[in-house]
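Colleague: Residue 63 in UniProt numbering is what sits at position 62 of the sequence shown, and the numbering runs on without skipping anything.
There's a structure below that I have some questions on.
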Amino acid sequence: AIKILMDTDPGIDDAAALTMAINDPKIDLQLITTVAGNVTVDKTTKNALKIVRFFNQDIPVAAGAQLPLFKDFEDAARIHGESGMPGYDFPQDLPTPLHKTAVEALHDTIMASSDPITLVPTGSYTNIALLLSEYPEVKSHIDRIVAMGGALGMGNMTSAAEFNVFTDPDAAAIVYKSGVPIVMVGLDVTMKALLTNENIEKLQSLNEAGQMLHDIIINDGDHSDQGSAMHDVNTIFYLLHPEAFTTRDMWIDVVTDGPAIGETVGDIRGAYHNGKTNAKVSVDIDAQAFNDWFMAEVSAIKM
Ligand code: BDR
Ligand code: CA
């Protein structure tokens with residue numbers, strides 16, 4: 002199984018990504034860390050614990066950064082609701098988070114692992130940036146970072162910036178300059194693989210996990226006639242089915258101020274960085290394959 006650590010801000014699509022990572026036997030999810038993003042970190046932590054409790058798992062959860070490194074914090078409650086994960090009555094008796102910060106928990110888990118681990122950030126990259134800066138020795142123990150965030154040539158916060166990178170552009174800049182191999186699963190790609198309304202409807206009849214996902218996904222404030230974007234779930238899909246993606250190696254720079262703050266600039270022509278690359282960037286996805294996989298994953302969940 003692929004050993005992963007998820008750093009997340011649930012969040013409707015984060016909750017779906019956690020669902021896949023927890024239940025797919027080909028993934029070994031060892032730790033969940035939380036960050037402020039879609040809602041405040043106390044809420045994203047509670048939401049992560051709700052998912053862990055829902056599936057009766059004992060995966061440790063550690064709370065992370067309350068605020069971006071420098072930028073003011075703006076949540077996305079208008080899309081994910083006040084709680085961040087609305088619409089379903091989760092059990093109230095939640096497990097307790099670890100008595101360590103996200104950064105300490107990430108460090109300890111990475112250093113204790115006998116083989117390199119994959120980091121999967123699906124929120125802003127504040128915790129990951131702090132980890133790489135405070136404990137550079139972890140870098141050689143990280144297999145790669147498979148991150149949802151950024152975009153080539155579009156945005157959902159501003160016309161230039163995607164939410165996770167916009168939330169903490171300084172952190173994103175540190176991560177892209179860190180030298181750790183990164184796969185960028187950006188907004189331009191996740192917007193091509195909407196979960197169709199027909200499939201969202203079908204989720205209800207699959208099992209209790211499908212019912213839960215249905216009930217939260219129908220509250221997605223960004224929902225359209227074409228369906229709902231499952232942004233963060235595409236990281237897990239990439240880990241299991243890279244063949245469904247088209248990728249290109251390039252250099253990604255992150256804009257940290259001015260009108261394009263939070264933009265991920267891909268050196269597509271290789272002209273600025275003389276052909277050097279720091280990321281494998283997904284540029285296309287098989288949307289049908291994503292939908293089929295999503296439904297099969299949920300169908301296979303036994304509770
Ligand atoms: C990203 O922003 C968040 O609202 C989603 O959970 C996803 O991680 C998409 O831009
Ligand atoms: Ca997210």
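We put the beta carbon where it would ideally sit given N, CA and C, even for glycine.
Here the structure is a predicted model, which is why all the values come from computation and not from measurement.
(1) Suppose contacts are defined by Cβ-Cβ distances below 9 Å. Is G124 in contact with N165 by that definition?
(2) Is it the case that the segment 83–94 contacts the segment 152–163, given that we only count it when at least three CB pairs across the two stretches are under 8 Å?
(3) Comparing C-alpha positions only, which one of G38, Q289, L99 sits nearest to I60?
(4) Taking Cβ to Cβ, would you say L6 is nearer than 9 Å to L120?
(5) Assign L71 to buried or exposed, taking buried as 16 or more other Cβ atoms, counted over all protein chains shown, within 10 Å of its Cβ.
(6) Report the residue ranges of all beta strand (DSSP E) runs contained in full by the segment 18–96; include only those spanning at least 3 residues, in chain order.
(7) By how many angstroms is the C-alpha of A272 removed from the C-alpha of T46?
(8) Going by DSSP, name the residue or residues bridged to D8.
(9) Would you call G12 buried or exposed, if buried means 16 or more other Cβ atoms sit within 10 Å of its Cβ?
(10) Compare the Cα-Cα distances from I302 to each of I23, T257, D10, T9 and report the closest residue.
(11) Nearer than 8 Å: is that true of the beta carbon of L195 relative to any heavy atom of ligand 1?
(12) Thinking C-beta only, is A78 closer than 9 Å to T34?
(13) Indicate whether D116 and D144 have their beta-carbon atoms separated by less than 9 Å.
(14) Who are the Cβ neighbours of K193 in its own chain at under 6 Å, not counting the five residues just before and after it?
(15) Does any CB atom of chain B fall closer than 9 Å to the CB of N208?
(16) For K193, name the three-state secondary structure that DSSP assigns.
(17) Jot down the residue ranges of each uninterrupted alpha helix (DSSP H) in the segment 176–224, minimum 4 residues, whole runs only, in chain order.
(18) Just the Cα atoms here: how many angstroms apart are Y239 and D73?
(19) Would you call the segment 219–235 and the segment 173–191 in contact, with 3 or more CB pairs under 8 Å?
(20) Per DSSP, V147 forms a beta bridge with which residues?
(21) Could you pull the DSSP bridge partners for F246 from this structure?
(22) In angstroms, rounded to a whole number, what distance separates the CA positions of I253 and T278?
Modeller: Taking the geometry as given:
(1) yes
(2) At 8 Å Cβ cutoff, the stretches do not touch.
(3) L99
(4) yes
(5) Note that residue 71 is Phe in the sequence shown here, rather than Leu. Exposed.
(6) If we require 3 residues or more, the beta strand (DSSP E) runs fully inside the segment 18–96 come out as 28–35, 62–64.
(7) Across the structure, T46 and A272 are spaced so that their CA atoms are roughly 42 Å apart.
(8) T34, P122
(9) buried
(10) I23
(11) The beta carbon of L195 sits no closer than 8 Å to any heavy atom of ligand 1.
(12) no
(13) The answer is yes: Cβ separation under 9 Å.
(14) I286, A288
(15) Here chain B cannot be found, since the structure has a single protein chain.
(16) coil
(17) 188–191, 198–204, 209–218
(18) Our two residues, Y239 and D73, have alpha carbons roughly 31 Å apart in a direct line.
(19) A contact exists between the segment 219–235 and the segment 173–191.
(20) V184
(21) I286
(22) Their Cα atoms are separated by approximately 8 Å.
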